[in-house]
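Written out as structure tokens, the structure is:
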């Protein structure tokens, strides 16, 4: 048995059964070993950013890691943006990054690079295997690191000769570090803080599923505190029958309005709120001056904490939940708002919604709040180009659920290769591209940063016309059925047909830019 097979068997025994890959020469022994280990499934992506984003989507929905297999430092670099997003989402991703053979590194071959430094910038745990005797244990430790508390991106760097040399065999899984116990003193501190007039409870991460949302709703019902969630939760269970939670706005001014009057903010499984960017003469910290902030250590189980706080407060067991509600199908002009209305009118039960609609998605959360129960996956780290990969991975993790990928046209072009993977793997994904022919969010930011001159050269850098992107042709070229909607009636009809289809479908929704 060589090191590659020992590695894959160890990964599979630890629960890693899917590997999203874009391999190269240094990884060929790993690729060959895929045929020898039955539980491990390899899925080819045409770009490393697709592989890393798909691993993120898979892990968010499967609650266990997927692996990536990347080629040397440049391959890891190509996948970096979506590893950044996964790190911010606290997603358990296991990266296997091939490297030159140990004896070959000293020759500074053309693809030689400082992989360890690149990995450290997007991974909390980095290990390099140096001998075949260590590779299986290194793999087990890497999975355990990814699945620890909090969960994280973990990277194993694998020299080629470690893969091809004889190995002792696989090892037993390494137990991950469990969440820390909820201390009575922490419960008392949170109870006291949230019982203060003007208190705010800010939740995110693991608290955005049913148990955490119910516990949070019980706490605010007992204390009178206001409840908000982080702006871009990694996975939000929502819909009729679940407690509603208002997300903090992306725009700093709006978030400050939401938090106005806060005297004490408790952040559970999310950082204290700050502005996404700095702006001239505007605050970076979004809480009001004088507001005390308590941030709970992420090693603590956040749901157990909120449940303990609710118990300590003798909070009511029943809480307000979203009532079932669906809008009528829209008619007339196709706009961001009418697309949101049409999606809400037809949203399938247990759908997985991947939201990278950016400015065009402004109306989506409100329109779907009372829809059938569903999961909502967001752009956690702000690095665009995650939508199509995230949808691909979610569809691999949950083949029995419809995935609805809502995509801005600008960010769609970053990782559109994932449509090919969806077609090859026959994944059940409906992609809606909001085609407003503009980097609309950047047009908005250009004004917000106080740029003094906004002339034709600047505008051209944010414009997606001349030529117009043809998403129907692009999708069909990668084996995905596609259509274009110009009116609300077009979109209603095409969405209904797409949702009835098995396999990937794309709809290009041609809309005017929002007047932001």
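Numbering (my numbering), first residue to last: 14 to 529. Glycine included, every Cβ here is placed at the ideal spot set by N, Cα and C.
Work out the CA separation of residue j and residue i for me, nearest whole Å.
i: residue 316; j: residue 228; result: 7 Å
i: residue 474; j: residue 423; result: 12 Å
i: residue 108; j: residue 82; result: 6 Å
i: residue 529; j: residue 373; result: Any reading at residue 529 is ruled out, since the residue's pLDDT is 47, under 50, leaving its predicted position unreliable.
i: residue 250; j: residue 445; result: 21 Å
i: residue 470; j: residue 160; result: 48 Å
i: residue 356; j: residue 381; result: 8 Å
i: residue 271; j: residue 242; result: 11 Å
i: residue 259; j: residue 244; result: 9 Å
i: residue 376; j: residue 415; result: 21 Å
i: residue 119; j: residue 142; result: 17 Å
i: residue 310; j: residue 304; result: 19 Å
i: residue 403; j: residue 306; result: 33 Å
Could you check what DSSP says for residue i in three-state terms: helix, strand or coil?
i: residue 365; result: strand
i: residue 469; result: helix
i: residue 79; result: strand
i: residue 97; result: helix
i: residue 42; result: helix
i: residue 240; result: strand
i: residue 219; result: helix
i: residue 432; result: helix
i: residue 308; result: strand
i: residue 268; result: helix
i: residue 138; result: strand
i: residue 173; result: helix
i: residue 258; result: coil
i: residue 494; result: strand
i: residue 35; result: strand
i: residue 159; result: helix
i: residue 371; result: helix
i: residue 484; result: helix
i: residue 529; result: Reliability fails at residue 529, whose pLDDT of 47 lies under 50, so the model's placement of it is uncertain and no value is given.
i: residue 209; result: coil
For residue i, which residues from the same chain have a beta carbon less than 6 Å from its beta carbon, with the 5 sequence-adjacent residues on both sides left out?
i: residue 38; result: none
i: residue 149; result: 19, 23, 183, 184
i: residue 262; result: 268
i: residue 362; result: 385
i: residue 132; result: 139, 168
i: residue 46; result: 17, 18, 21
i: residue 407; result: 70, 74, 365, 416
Which whole-angstrom value is the C-beta distance of residue i and residue j, which I expect to be below 8 Å?
i: residue 388; j: residue 164; result: In fact, because the Cβ distance is near 17 Å, the residues do not count as touching under 8 Å.
i: residue 379; j: residue 277; result: Actually they do not touch by this definition, with Cβ atoms about 28 Å apart.
i: residue 29; j: residue 56; result: So it is not a contact: roughly 13 Å between Cβ atoms.
i: residue 508; j: residue 488; result: Going by Cβ atoms, the distance from residue 508 to residue 488 rounds to 15 Å, so no, they are not a contact pair.
i: residue 92; j: residue 70; result: No, residue 92 and residue 70 are not in contact; Cβ-Cβ is about 14 Å, not under 8 Å.
What residues in its chain sit with their C-beta under 7 Å from that of residue i, if we drop five residues either side in the sequence?
i: residue 436; result: 491, 492, 493, 517
i: residue 114; result: 172, 173, 174
i: residue 195; result: 313, 314, 317, 318, 321
i: residue 299; result: 265, 268, 269, 272, 286, 287, 288
i: residue 344; result: 501, 502
i: residue 207; result: 214, 232, 236, 238, 279
i: residue 49; result: 18
i: residue 189; result: 157, 160, 161
i: residue 395; result: 289
i: residue 481; result: 450
Within a Cβ cutoff of 8 Å, which residues of the same chain sit near residue i, ignoring the five residues on either side of it in sequence?
i: residue 347; result: 498, 499, 500, 501, 503, 504, 522, 523, 524
i: residue 336; result: 253, 383
i: residue 136; result: 96, 100, 108, 165, 166, 167, 168
i: residue 87; result: 124, 126
i: residue 295; result: 265, 266, 288
i: residue 256; result: 226, 227, 229, 230, 332, 333, 334, 335
i: residue 155; result: 107, 138, 140, 167, 168, 169
i: residue 200; result: 318, 321, 322, 325
From this set, the options, which residue's C-alpha is nearest residue i's C-alpha?
i: residue 166; options: 68, 404, 200; result: 68
i: residue 77; options: 36, 93, 119, 162; result: 162
i: residue 204; options: 132, 288, 287, 238; result: 238
i: residue 51; options: 26, 296, 510; result: 26
i: residue 139; options: 193, 158, 122; result: 158
i: residue 397; options: 368, 129, 526, 226; result: 368
i: residue 297; options: 330, 289, 322; result: 289
i: residue 442; options: 120, 151, 401; result: 401
i: residue 477; options: 447, 308, 209; result: 447
i: residue 284; options: 103, 145, 117; result: 103
i: residue 426; options: 147, 302, 450; result: 450
i: residue 84; options: 220, 72, 74, 34; result: 34
i: residue 60; options: 433, 510, 438; result: 433
i: residue 274; options: 513, 246, 325, 209; result: 209
Cβ-heavy atom distance between residue i and the ligand GTP below 7 Å?
i: residue 502; result: Absence of the ligand GTP from the depicted structure is noted, as is the absence of any ligand whatsoever, leaving it without description.
So, is the C-beta of residue i closer than 8 Å to a C-beta in chain D?
i: residue 43; result: Judged by its chain identifiers, the structure shown contains no chain D, having just a single protein chain.
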